[in-house]
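Residue numbers (this note's numbering): 11 to 410.
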C-alpha cells in the first residue's frame with residue numbers, strides 16, 4: 011500500500027496512523043480487514059506496563075530530589091502550576107490507557123459505522139492523484155519540523171542547565187510535549203475524516219435530480235448523515251476526557267510561560283532554572299497559539315495542523331459543514347413541484363437533520379467550537395494578571 015496514494019475519503023487510510031499511534035496507546039490495535047481489535051489481553055498488559063513505567067519515573071524524580079531542586083528557584087505560584095501540569099499529564103496517560111484497554115467495543119463500533127458510510131458513499135478504494143495533497147505527506151512534514159524544534163529545545167536545556175537532575179526533569183517535560191503532539195495529530199485526523207464525509211454527503215445531495223433512483227439516494231444520504239452523528243458521539247466518549255485534560259495542560263503551560271517571560275525580563279539575576287522554565291514552555295505556547303496571520307496560509311495548513319487550536323477549528327468547521335445539509339435540502343425543494351413526493355421527502359429530511367447535527371464536547375462539560383479558544387485566551391490573561399500580582403507580593407515579602 012503506497013502512503014502517497016492513500017485518500018482520507020476511504021477510512022482504510024488510517025491503517026498506518028492507527029499502527030503508529032497504537033504504540034503510544036492512543037489508538038487501538040485494530041484489524042481493518044476483519045473489523046476486530048487485536049490481542050485485547052496483551053493490550054491491557056501493555057497499558058498497565060506503560061502506566062507503571064510513568065509512575066516509577068515520577069517516583070524516581072521525587073526520590074532523587076530532582077523536583078525539589080526544580081522548586082528551589084520557583085515562586086509559590088509557579089510551583090502550584092507546575093505540580094498541576096505534571097498531575098494533568100499523569101491523569102491523561104491513565105485515562106488514555108484505560109480507554110485503550112477497555113473501550114474496544116466503542117472503537118469497533120466507530121470503525122464499523124465509518125466503513126458503512128464509505129460503502130454508502132462509494133468511497134472504497136479512493137486514491138489521491140498527487141502525493142503532496144496526501145495526509146501522510148503533511149503529517150511527515152509536521153513531524154520533521156516538530157522534531158527539529160524539540161532537538162533545539164534539548165540543545166538549549168543541555169547547554170543552559172548543567173545539573174543532571176534538572177536535565178532529567180526537562181527530559182520528562184519534553185517527552186510529555188511529544189506525546190501530546192501525537193495525540194492531537196490523531197484527534198485532528200479523525201475529525202478531518204468526519205469533515206470529509208460531511209462534504210461528500212453534501213456534494214451528493216446537491217447533485218440529486220428527479221429520477222427512478224431519487225428516493226433510494228435520499229434514503230442512503232439520510233442514513234449516512236445519521237451514522238456520522240453517531241460517530242461523533244462515540245468520538246466524544248473516547249476522546250472527550252483527553253481533550254479536557256489537554257486544554258487544562260495548555261492553559262497551565264501558557265500561564266506559566268507568560269509569567270516566565272515577565273520574571274526573566276524583570277530580574278537581572280536570571281538563573282538557569284528560569285531559563286529552563288522559559289524553554290520548556292516556549293514549545294507549548296508556540297504550537298498552541300500559532301495563528302494564520304503570522305504565517306503564509308499554505309505553510310500554516312501544511313506544517314501546523316497538529317496543534318490543539320487547529321483540532322478545535324476542525325471540530326467547528328465539521329459542525330458548520332453538517333449544518334449545510336439542511337440548507338441544501340431547502341434549496342433543492344425549488345427544483346420540484348410544491349406538494350410532490352420529492353419536495354415532501356426533502357422537507358422531512360431537512361427537519362430530521364436538525365435532530366442529528368453533530369456536537370463535539372469535552373467530556374460533557376462544554377461544547378467545543380471556536381469560542382472555546384477565545385475563552386481560553388481570556389482565562390489565561392486573567393490568571394497571568396493574578397500570577398504577576400502574587401509574584402510581586404511574594405518578592406516584596408522576601409525582601410523585607
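A virtual CB, placed ideally from N, CA and C, is assigned to each residue, including glycine. Given the structure is predicted, the values throughout are model-derived calculations rather than measurements.
Hey, residue i and residue j are a contact pair by Cβ (cut 8 angstroms); roughly how many whole angstroms apart?
i, j, result
"residue 198", "residue 321", "5 angstroms"
"residue 237", "residue 127", "5 angstroms"
"residue 359", "residue 232", "6 angstroms"
"residue 357", "residue 343", "7 angstroms"
"residue 56", "residue 48", "In fact, because the Cβ distance is near 12 angstroms, the residues do not count as touching under 8 angstroms."
"residue 235", "residue 366", "6 angstroms"
"residue 252", "residue 105", "6 angstroms"
Nearest by alpha-carbon distance to residue i: which of the options is it?
i, options, result
"residue 268", "165, 208 and 391", "391"
"residue 318", "344, 190 and 328", "190"
"residue 395", "382, 23, 325 and 87", "87"
"residue 113", "122, 248 and 215", "248"
"residue 378", "349, 239, 352 and 326", "326"
"residue 120", "131, 154, 102 and 37", "37"
"residue 17", "71, 137, 72 and 42", "137"
"residue 263", "234, 56 and 393", "393"
"residue 184", "210, 95, 115 and 241", "95"
"residue 338", "193, 212 and 109", "212"
"residue 386", "265, 365, 367 and 245", "265"
"residue 19", "44, 145 and 85", "145"
"residue 148", "62, 196 and 364", "196"
"residue 192", "64, 110 and 32", "32"
"residue 133", "335, 206 and 151", "206"
"residue 362", "208, 335 and 103", "335"
"residue 240", "162, 30, 123 and 108", "123"
"residue 53", "160, 218, 109 and 164", "109"
"residue 226", "66, 351 and 67", "351"
"residue 201", "30, 242, 250 and 70", "242"
Give the range of the alpha helix (DSSP H) segment to which residue i is assigned.
i, result
"residue 379", "Careful: residue 379 lies outside any alpha helix (DSSP H) and carries neither H nor E."
"residue 102", "86 to 112"
"residue 25", "25 to 32"
"residue 57", "50 to 73"
"residue 355", "351 to 364"
Taking only three categories from DSSP, how would you classify residue i?
i, result
"residue 247", "helix"
"residue 41", "strand"
"residue 328", "helix"
"residue 148", "helix"
"residue 129", "helix"
"residue 22", "helix"
"residue 283", "In this prediction, residue 283 scores a pLDDT of 49, lower than 50, which makes its location untrustworthy; the coordinate-derived value is nonetheless stated afterwards. Looking at residue 283 - three-state DSSP - the assignment turns out to be helix."
"residue 392", "helix"
"residue 137", "strand"
"residue 17", "coil"
"residue 47", "strand"
"residue 303", "Bear in mind that the predicted position of residue 303 carries a pLDDT of just 38, short of 50, making it unreliable; the figure below should be weighed with that in mind. Here residue 303 sits in helix by DSSP."
"residue 201", "helix"
At a cut of 8 angstroms, does the segment 369 to 388 reach the segment 251 to 264 through at least three beta carbon pairs?
-> Counting C-beta pairs closer than 8 angstroms gives three or more between the segment 369 to 388 and the segment 251 to 264, which meets the contact rule.
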